[in-house]
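K.L.:
From first to last, the protein sequence lines are chains S and V. Our numbering puts the first residue of the first sequence at 3, with every later residue one more than the last. Our numbering puts the first residue of the second sequence at 3, with every later residue one more than the last.
Number of protein chains: 2
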Amino acid sequence: MRFVIKHSFKILLVTIFIWSCKNKPEQGSENLQQSGHPSIILTHEGVKAIRDHLGEIPIFDTTLKATKTQVDIEIEKGIDLPVPKDYSGGYTHETHKKNFLIAQKAGVLYQILDDEKYGNYVKEMLFGYAKLYPTLPKHPQPRSYARGKIFWQCLNDSNWLVYMSQAYDCIYNFLTEDERHTLEKDLFKPFADYISKENPQFFNRVHNHSTWGNVAVGMIALVMEDDSLLQRALYGLKDVKLAKDMKDNDGGYINQNGKVGFFANLDEPFSPDGYYTEGPYYQRYASYPFLIFAQALQNKRPELKVFQYKDSVLLKSVSALINLSDADGDFFLLNDAQKGMSYHARSLVSAVDIVYQFGGENPELLSIAEEQNMVTLDDAGLSVALAIKNGKTKSFKKASIELSDGPKGDQGAVGIIRSGNLELVYKYTAHGLSHGHYDKLSYSLFDEGNEVIQDYGLARFVNIEQKGGGNYLKENKTWAKQTIAHNTLVQNETSHFKGKYDMGSKHHSEKYLFSASKAYVQLASAKETNAYPGTELHRTMVTIKDSISPPFVLDIMRVTSETANQYDLPLYYLGQIMKTNFEYSKLSTPLVLGSKNGYQHLYKEASAVATGENIQLNWLSNNRFYTYTAATTSGDEVILGRIGANDPEYNLRNEPTLILRKKKAKNAVYVSTIESHGTYSPVSEFAVNAYGNIKVVEVVYNSEDYTAVKIEGKNDKERIFIISNQNNAQNKAHKLSINGVSFKWNGPYILTHAN
Amino acid sequence: MRFVIKHSFKILLVTIFIWSCKNKPEQGSENLQQSGHPSIILTHEGVKAIRDHLGEIPIFDTTLKATKTQVDIEIEKGIDLPVPKDYSGGYTHETHKKNFLIAQKAGVLYQILDDEKYGNYVKEMLFGYAKLYPTLPKHPQPRSYARGKIFWQCLNDSNWLVYMSQAYDCIYNFLTEDERHTLEKDLFKPFADYISKENPQFFNRVHNHSTWGNVAVGMIALVMEDDSLLQRALYGLKDVKLAKDMKDNDGGYINQNGKVGFFANLDEPFSPDGYYTEGPYYQRYASYPFLIFAQALQNKRPELKVFQYKDSVLLKSVSALINLSDADGDFFLLNDAQKGMSYHARSLVSAVDIVYQFGGENPELLSIAEEQNMVTLDDAGLSVALAIKNGKTKSFKKASIELSDGPKGDQGAVGIIRSGNLELVYKYTAHGLSHGHYDKLSYSLFDEGNEVIQDYGLARFVNIEQKGGGNYLKENKTWAKQTIAHNTLVQNETSHFKGKYDMGSKHHSEKYLFSASKAYVQLASAKETNAYPGTELHRTMVTIKDSISPPFVLDIMRVTSETANQYDLPLYYLGQIMKTNFEYSKLSTPLVLGSKNGYQHLYKEASAVATGENIQLNWLSNNRFYTYTAATTSGDEVILGRIGANDPEYNLRNEPTLILRKKKAKNAVYVSTIESHGTYSPVSEFAVNAYGNIKVVEVVYNSEDYTAVKIEGKNDKERIFIISNQNNAQNKAHKLSINGVSFKWNGPYILTHAN
């Protein structure tokens with residue numbers, strides 16, 4: 003074989019030159035004729051088809067060109083295998099990370115361009131690792147519950163193997179049998195054993211970490227055709243007993259129910275709707291191993307029917323994930339999540355392309371691929387690129403949708419309501435494993451891709467070494483996970499479930515109602531009875547879009563308790579206050595709002611005492627005007643606050659909040675509206691509709707059975723919204739008299755059109 | 003004539019319909035055959051040429067279509083002439099403002115589309131105003147030194163007349179002589195008299211207000227062919243004596259030197275380089291009346307040669323203004339200026355088109371017009387649109403440039419240095435009339451269109467009624483104008499010139515050096531001796547772009563004083579702290595930094611005492627990493643602060659600063675570097691070059707004659723920068739020995755390339 007390669011070398015050089023001039027390389031050179039490799043992601047047939055189409059499909063050619071440029075630069079620089087030392091963001095971490103990303107690409111280029119330069123590069127790098135790896139002790143950084151060897155966590159070592167398996171598959175036939183034997187003996191097998199057998203607390207879990215671990219072992223198993231390793235990947239390590247109360251360094255349980263392996267990781271965290279319980283940020287991260295391995299299994303073990311598994315949950319998960327993004331494709335913030343992550347991430351390019359090819363060629367996915375302006379350089383990417391070229395694209399219609407949580411879909415849900423330019427994300431899920439926040443019935447609001455009422459996200463600067471090695475900061479626990487950091491109710495300045503993972507992870511909120519069938523009124527309603535024992539929270543979030551005003555949000559948070567408590571409901575508006583309709587007194591210097599449970603990170607800047615009239619806050623954000631209108635009870639306290647207290651290292655963002663505090667009450671109803679009503683242009687200096695349209699919002703009725711709210715517009719139009727609090731049956735007939743006016747309707751709610 | 007119009011009405015209807023189908027209207031209908039009108043902006047020949055090209059030139063057709071859509075919507079809504087009542091941002095203000103903007107457009111549409119609908123609309127509106135205007139008292143809002151009738155200031159009334167004059171010119175021949183007589187007698191003449199004769203304190207000034215006033219009177223004079231009014235516009239009101247110490251409501255003097263009229267407003271505020279002393283934000287505002295009137299004069303009184311006036315200063319001013327914008331076209335912040343104003347403003351569309359047509363058809367202006375994606379619907383816009391269509395566009399090359407200030411160019415300057423993606427704006431100008439700030443030798447820094455070291459701008463939300471009627475807020479005086487709000491030196495917590503306009507407006511900084519001929523080292527250097535009597539400030543700002551690092555800024559602020567003082571040098575970095583190389587102690591709650599001169603608006607959040615080693619601040623802004631490295635003297639205080647104290651109505655932005663304080667010193671040298679060195683992607687989560695390249699910056703020599711700074715890179719490269727402090731002659735030979743090493747060079751500075 004070596005002879006053949008050498009023989010074809012001059013031809014190849016000419017070929018590459020021609021390709022650079024935008025022609026296709028010659029086809030049929032020998033490595034296509036070998037059987038068996040590449041076969042996990044790229045396939046023989048795929049490589050042949052790709053070569054047939056080179057220079058013909060813009061999006062594929064652009065990606066290929068960019069990839070070639072990137073890899074060529076790295077080849078020029080030479081291979082660097084520093085002795086592992088740093089956390090993420092540090093030099094050795096980032097270098098080894100770059101290595102596996104580039105090696106995978108170089109492997110692909112070797113196949114597509116049939117250029118030994120790339121084969122040699124991958125080969126040299128793998129042999130470098132084969133020499134280095136056996137010399138490595140555990141990584142010197144101690145923070146992880148499962149330290150890797152090349153990286154500080156087994157997680158990153160698994161990333162390495164997922165990518166390197168593909169690189170190896172691509173150059174498999176470029177190597178001699180002896181060379182392959184050396185690589186497998188000195189590198190791949192011990193590597194796979196280390197992240198599995200030697201770290202069962204990492205491998206035998208249901209968690210995105212283990213998904214990477216399982217897939218890493220599974221991918222190399224498929225390349226090496228090692229069935230025993232594959233069984234380990236699919237079904238976990240056998241005969242390993244881990245203590246039930248063992249936790250990882252993020253505070254999450256290692257394994258409480260004994261479920262292990264790749265299929266368990268498909269069973270457990272995904273709901274039947276494809277929602278991933280850790281939230282979209284981690285789904286994005288896990289989607290790469292899930293889908294790349296599914297693609298590999300489909301190619302090598304089609305009899306496993308992985309894409310049909312659990313009613314095609316992998317296919318559904320990608321649609322769910324796209325629906326969990328705003329108008330710009332940025333993922334909604336649920337649980338630990340860094341802002342700015344979007345479906346432009348490389349893992350989503352893979353996900354979209356794979357699901358297009360293996361999931362029935364949904365033409366709406368092509369519009370996402372067009373936005374990504376990139377495809378995977380493999381069979382899946384080719385199918386997407388060809389379909390786009392052939393004009394098959396349809397626009398992806400993001401819907402108002404409820405995505406259930408829990409393996410069986412019975413552990414609450416996320417309700418996403420889209421109305422006009424508004425996207426409301428209402429969370430009534432299970433806890434979300436170790437990345438969960440204590441934020442039952444919280445929400446966030448987006449306006450044409452801009453976050454207006456924010457979820458803070460995580461307290462971490464991923465891969466920025468300056469900030470705690472790029473890892474979770476202590477403020478993630480003391481601030482970002484706490485209830486007061488979210489747009490939901492806090493009782494007695496204590497977080498839900500007392501901020502305890504043991505309790506939080508046992509419970510979930512209960513869906514009560516989701517309705518998106520009428521454009522003029524959409525709603526999601528849910529209850530939470532476990533966050534504060536003895537207290538029930540029932541929140542109903544509505545969007546209304548009719549002649550009273552442009553689309554706006556109506557928020558009804560109903561609290562009933564056995565005891566009298568202090569209740570705080572924060573509003574994390576982003577932007578600058580333009581005007582309030584109430585007088586507030588600003589403190590000469592801010593005070594720290596509290597001493598624990600996240601309150602220690604909030605400054606109180608100003609406060610007011612409500613008179614029982616509505617309070618209104620009008621603010622400007624991203625050159626748009628918003629107004630919050632809330633009903634109050636006389637004596638309620640309004641606190642204008644800001645994040646940033648007890649933040650010795652400037653780890654937090656100094657953003658504002660308004661907290662509506664009820665000082666001592668058993669039961670309470672918080673009712674408010676949020677309007678997006680106007681715009682400002684700093685170029686034309688025109689302010690259009692700077693004031694909201696809603697004059698008054700008022701609770702006109704509240705009992706165990708019904709809550710009714712009146713909304714009065716400045717145009718003197720009036721609406722009554724009534725919800726049945728105990729009976730959510732669709733056909734149940736209701737009758738209620740409010741202030742002498744009688745209302746009759748069927749189903750759990752009504753919005754009147756009085757005028 | 004009326005008969006002819008009625009006769010042609012059916013033909014017109016057909017014509018319009020055809021035009022809607024993207025064909026051209028029939029040509030040669032009667033209003034083109036009238037002599038004399040339109041003639042000030044649109045001309046007979048222009049209208050004919052426009053009609054000839056309709057449907058052929060994309061940028062013109064797009065603008066026309068958008069204009070027609072906008073005007074049609076307003077015609078549909080009907081005319082609204084509310085009784086004047088509000089400040090800017092309020093209903094009556096915004097309605098009358100919309101009226102004159104739409105009327106001008108409707109007049110143009112009447113001419114271009116030859117459709118009576120538009121003529122009638124303008125006619126009806128003008129007669130409405132002719133009925134309303136005589137009934138109006140002074141505007142009820144009392145804040146202005148020159149209250150208008152339709153608006154709260156004569157300024158806005160003047161805006162009205164500048165636009166309405168054009169509308170009137172367009173429909174002049176559509177009206178009967180009687181109708182014209184009525185309009186001129188009841189509306190235009192009294193209107194022009196009110197803003198001039200009855201408000202000499204407004205009309206007889208050198209100020210952007212009076213420019214509008216002069217031009218308003220001049221425009222209607224040209225349409226009515228009233229030479230006496232024209233003389234008033236060009237040369238001011240005669241025989242009016244105003245007290246020399248009279249001030250406007252912004253605190254600016256009305257008129258100290260007795261210069262008046264349009265030409266005086268060209269003479270005084272513009273420097274020979276075309277820099278407008280109030281700064282680019284107000285130049286943008288004034289550029290519309292300056293240029294529209296110049297166009298009108300050129301058309302009607304070409305013998306005045308207005309475009310050649312003062313060595314073609316109007317033409318130069320537009321190039322200067324474009325050079326005063328960042329990579330996105332946003333104007334640099336100098337004096338009172340609202341962020342986000344850019345050359346996309348409609349006044350700049352006019353300016354660019356007019357200067358293209360009347361200023362020698364500079365093809366670089368076409369690239370700006372393409373970015374604007376809009377042209378004026380007149381002869382000038384047509385010439386631009388045709389040139390773009392004919393492929394004449396060249397890219398506008400923004401340069402490193404020094405723009406002198408003062409009528410004769412001898413009152414300091416603005417130095418703009420562009421190096422790589424960095425744009426450094428260094429201000430050593432005169433005061434800037436009533437919109438000036440007390441910020442001698444201040445600077446701001448932009449990186450690829452993002453402001454990194456900010457100038458705060460103004461404390462005002464222009465036209466946002468919620469915020470003080472859209473007018474200047476009191477914080478503009480107490481904060482935004484004060485020295486501590488800027489990136490320049492404050493002595494003893496007192497603003498330059500004690501914050502007194504009388505003193506500030508008498509002085510200007512002195513240019514010392516500007517050099518942009520070598521790409522690897524560019525610099526601007528200036529001195530200020532009047533801001534603090536007895537103290538000299540000499541600041542040299544350098545950009546260095548060579549192998550030591552990517553382009554970076556070197557800042558040398560040298561202070562020499564007869565007395566010992568406290569010195570503060572703030573750095574208004576935008577973004578979040580990633581890391582410092584010094585320990586600081588954060589206060590449990592912020593303290594107010596001082597009691598007056600702007601200090602009362604700053605919170606002290608943390609502080610450190612310098613050891614004499616360099617301090618480094620590494621921060622993240624817009625996903626880019628920056629590092630500030632500053633030499634210190636042992637005992638210097640480092641204050642980490644934030645804007646926002648004593649801000650009872652949330653009028654300020656809560657943005658950070660670092661203040662380097664020298665507690666008691668006669669002389670001091672502040673030396674620092676600012677690097678833009680890395681990027682972060684929240685999608686790939688890669689941090690690239692998160693740390694700066696500069697290890698040490700050090701003052702290695704400082705005497706009356708020379709200051710020398712050593713910069714040492716982490717790559718162990720070293721540079722010495724030496725500046726001659728007293729002799730700025732280009733050919734002077736210098737010799738200096740520093741620590742036993744001898745340096746010889748010619749000219750006022752040297753940057754060594756030691757390795």
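Just so it is clear, CB atoms sit at the ideal spot from N, CA and C, and this is done for glycine as well.
#1: Apply the 10 Å Cβ neighbour rule to N392 of chain S and answer buried if 16 or more other Cβ atoms are within range, or exposed otherwise.
#2: With DSSP run on the structure shown, which of helix, strand or coil describes N748 of chain S?
#3: Is the beta carbon of K107 of chain S closer than 7 Å to that of T69 of chain S?
#4: Check N364 of chain V in the structure and name its three-state DSSP category.
#5: Give me the Cβ distance between T537 of chain V and S563 of chain V, rounded to the nearest whole Å; I'm assuming they're in contact under 8 Å.
#6: Could you please tell me which residues of the region 306-332 of chain S, in chain order, have their CB closer than 8 Å to any CB of chain V?
#7: Out of S:I418, S:A288 and S:H439, state which residue places its alpha-carbon closest to the alpha-carbon of F448 of chain S.
#8: Suppose contacts are defined by Cβ-Cβ distances below 7 Å. Is T582 of chain V in contact with T631 of chain V by that definition?
#9: Just how far apart, CA to CA, sit K87 of chain V and N122 of chain V?
#10: Nearest to T634 of chain S by alpha carbon, out of S:V702, S:F745 and S:H540?
#11: Along chain V, in chain order, which residues have C-beta atoms closer than 7 Å to that of I617 of chain S?
#12: Would you be able to state if there are at least three C-beta pairs under 8 Å between the region 56-63 of chain S and the region 232-251 of chain S?
#13: Could you check where the alpha helix (DSSP H) with P552 of chain V kicks off and where it finishes?
#14: Whose C-alpha, out of S:K240, S:G342 and S:I256, is nearest the C-alpha of P1 of chain S?
#15: What in chain S is Cβ-close to R655 of chain V, meaning under 9 Å?
#16: Does the Cβ-Cβ distance between R149 of chain S and N251 of chain S come in under 7 Å?
#17: For a quick check, are the C-beta atoms of L595 of chain V and L604 of chain V less than 7 Å apart?
#18: Please classify E179 of chain S as buried or exposed, where buried requires at least 16 neighbouring CB atoms within 10 angstroms.
#19: Along chain V, which residues have their Cβ under 8 Å away from the Cβ of G91 of chain S?
#20: Taking the C-alpha atoms as reference points, what is the distance between S230 of chain S and F129 of chain S?
#21: Does any CB atom of chain S fall closer than 7 Å to the CB of P650 of chain V?
#22: Would Y430 of chain V and N489 of chain V qualify as a contact pair, given that the criterion is a beta-carbon distance under 7 Å?
#23: Determine whether the Cβ of V208 of chain V lies closer than 7 Å to any Cβ atom of chain S.
#24: Residues in the region 173-189 of chain S with C-beta within 7 Å of chain V's C-beta atoms, listed in sequence order?
#25: What are the residues of the region 414-444 of chain S that lie near chain V, defined by any Cβ-Cβ distance shorter than 7 Å?
#26: In chain V, which residues lie less than 7 Å from G342 of chain S when you measure between Cβ atoms?
#27: Check for me: the alpha helix (DSSP H) holding F584 of chain S runs from which residue to which?
#28: Does the Cβ-Cβ distance between H141 of chain V and K151 of chain V come in under 7 Å?
#29: For E372 of chain V, return the contacting residues in chain S, with the cut-off set at a CB-CB distance below 9 Å.
#30: Just reading off the alpha helix (DSSP H) that F723 of chain V is part of, what are its end residues?
#31: Is the separation between the beta-carbon of E280 of chain S and that of H437 of chain S shorter than 7 Å?
#32: Buried or exposed: which applies to S587 of chain S, given that a residue is buried once 16 or more other Cβ atoms fall within 10 Å of its Cβ?
#33: Tell me whether N567 of chain V sits in a helix, a strand or coil according to DSSP, three-state version.
#34: Put V699 of chain S into one of helix, strand or coil per three-state DSSP.
#35: Rounded to whole angstroms, what's the CA-CA distance from G241 of chain S to S683 of chain V? Just pull it up for me.
#36: Quick check on V743 of chain V: buried or exposed, where buried means 16 or more other Cβ atoms within 10 Å of its Cβ?
P.N.:
A quick look at the data gives this:
#1: Your numbering for residue 392 of chain S matches position 390 in the first sequence. Its Cβ having fewer than 16 others within 10 Å, N392 of chain S is exposed.
#2: Translated into the one-based positions of the first sequence, residue 748 of chain S becomes position 746. Three-state result, N748 of chain S: strand.
#3: Here residue 69 of chain S is taken as the residue at index 67 of the first sequence, counted from 1. Here residue 107 of chain S is taken as the residue at index 105 of the first sequence, counted from 1. In terms of Cβ geometry, T69 of chain S and K107 of chain S form a close pair [threshold 7 Å].
#4: Residue 364 of chain V sits at position 362 when you count from the first residue of the second sequence. Note: N364 of chain V maps to coil in three-state DSSP.
#5: Counting from 1 along the second sequence, the entry for residue 537 of chain V is found at position 535. Counting from 1 along the second sequence, the entry for residue 563 of chain V is found at position 561. Their Cβ separation, rounded to whole angstroms, is 4 Å, which keeps T537 of chain V and S563 of chain V in contact under 8 Å.
#6: none
#7: For the purposes of this step, residue 448 of chain S is taken as residue 446 along the first sequence, with counting starting at 1. Of S:I418, S:A288 and S:H439, the residue nearest in Cα terms is S:I418.
#8: Taking the second sequence and counting its residues from 1, one reaches residue 582 of chain V at position 580. Taking the second sequence and counting its residues from 1, one reaches residue 631 of chain V at position 629. Taking 7 Å as the cut-off, the beta carbon of T582 of chain V is found no closer than this to the beta carbon of T631 of chain V.
#9: Numbered from 1 along the second sequence, position 85 holds the residue referred to as residue 87 of chain V. Numbered from 1 along the second sequence, position 120 holds the residue referred to as residue 122 of chain V. Distance between the alpha carbons of K87 of chain V and N122 of chain V: 27 Å.
#10: Sequence index remark: in the first sequence, residue 634 of chain S carries index 632 (1-based). Ranking S:V702, S:F745 and S:H540 by Cα distance to T634 of chain S puts S:V702 first.
#11: Within the first sequence, residue 617 of chain S is the residue found at index 615, counting from 1. Within chain V, no residue comes near I617 of chain S; the closest Cβ sits about 15 Å away, beyond 7 Å.
#12: no
#13: What you label residue 552 of chain V is simply residue 550 of the second sequence in a count that begins at 1. From DSSP, P552 of chain V is part of no alpha helix (DSSP H) but of the beta strand (DSSP E) over S551 to S563.
#14: With chain S represented from 3 up to 757, any question about residue 1 of chain S goes unanswered, as that position is not in the structure.
#15: Taking the first residue of the second sequence as 1, we reach residue 655 of chain V at position 653. What R655 of chain V touches in chain S: Q578.
#16: Here residue 149 of chain S is taken as the residue at index 147 of the first sequence, counted from 1. Here residue 251 of chain S is taken as the residue at index 249 of the first sequence, counted from 1. Contact: no.
#17: Along the second sequence, read from residue 1 onward, the residue named residue 595 of chain V stands at position 593. Along the second sequence, read from residue 1 onward, the residue named residue 604 of chain V stands at position 602. In this structure, L604 of chain V lies closer than 7 Å to L595 of chain V by Cβ.
#18: On the first sequence, residue 179 of chain S is found 177 positions in, with the first residue counted as 1. When all chains shown are included, E179 of chain S counts as exposed.
#19: Working through the first sequence from its first residue, we reach residue 91 of chain S at position 89. Those are A689 and A692, listed as they occur along chain V.
#20: Within the first sequence, the letter at position 228 stands for residue 230 of chain S. Within the first sequence, the letter at position 127 stands for residue 129 of chain S. CA-to-CA, the gap between S230 of chain S and F129 of chain S works out to about 25 Å.
#21: Start at 1 with the first residue of the second sequence, and residue 650 of chain V comes out as number 648. Answer yes: the Cβ-Cβ gap between P650 of chain V and chain S drops below 7 Å somewhere.
#22: Counted from its first residue, the second sequence places residue 430 of chain V at position 428. Counted from its first residue, the second sequence places residue 489 of chain V at position 487. No.
#23: Here residue 208 of chain V is taken as the residue at index 206 of the second sequence, counted from 1. For V208 of chain V, the answer is no, since every Cβ of chain S falls outside 7 Å of its Cβ.
#24: none
#25: Flagged: no residues at all.
#26: Here residue 342 of chain S refers to the residue found at position 340 when the first sequence is read from its first residue. Within 7 Å Cβ-Cβ: P684 and V685.
#27: By one-based count along the first sequence, residue 584 of chain S stands at place 582. Here F584 of chain S belongs to no alpha helix (DSSP H), and DSSP marks it neither H nor E.
#28: Position 139 of the second sequence, counted from the first residue, corresponds to residue 141 of chain V. Position 149 of the second sequence, counted from the first residue, corresponds to residue 151 of chain V. Cβ atoms of H141 of chain V and K151 of chain V: closer than 7 Å.
#29: Taking the second sequence and counting its residues from 1, the one referred to as residue 372 of chain V is at position 370. Ordered by position in chain S, no residue passes the 9 Å Cβ test against E372 of chain V, which lies about 17 Å from the chain.
#30: Within the second sequence, numbered from 1, the residue matching residue 723 of chain V stands at position 721. No alpha helix (DSSP H) holds F723 of chain V; the beta strand (DSSP E) holding it covers E720 to S726.
#31: Here residue 280 of chain S corresponds to residue number 278 of the first sequence, with the count starting at 1. Here residue 437 of chain S corresponds to residue number 435 of the first sequence, with the count starting at 1. Against a cut-off of 7 Å, the Cβ pair of H437 of chain S and E280 of chain S comes out as a contact.
#32: Locating residue 587 of chain S in the first sequence gives position 585, counting from the first residue. It is exposed - the Cβ of S587 of chain S has fewer than 16 other Cβ atoms within 10 Å.
#33: As a working note, residue 567 of chain V is residue 565 in the second sequence. N567 of chain V falls in the strand class under three-state DSSP.
#34: One-based indexing of the first sequence puts residue 699 of chain S at position 697. Three-state result, V699 of chain S: strand.
#35: Numbered from 1 along the first sequence, position 239 holds the residue referred to as residue 241 of chain S. Numbered from 1 along the second sequence, position 681 holds the residue referred to as residue 683 of chain V. A small correction: the amino acid at residue 241 of chain S is Asp; Gly does not occupy that position in the sequence shown. Looking at the backbone, the Cα of D241 of chain S and that of S683 of chain V are separated by about 42 Å.
#36: As a position in the second sequence, residue 743 of chain V is number 741, starting the count at 1. Under this definition V743 of chain V is an exposed residue.
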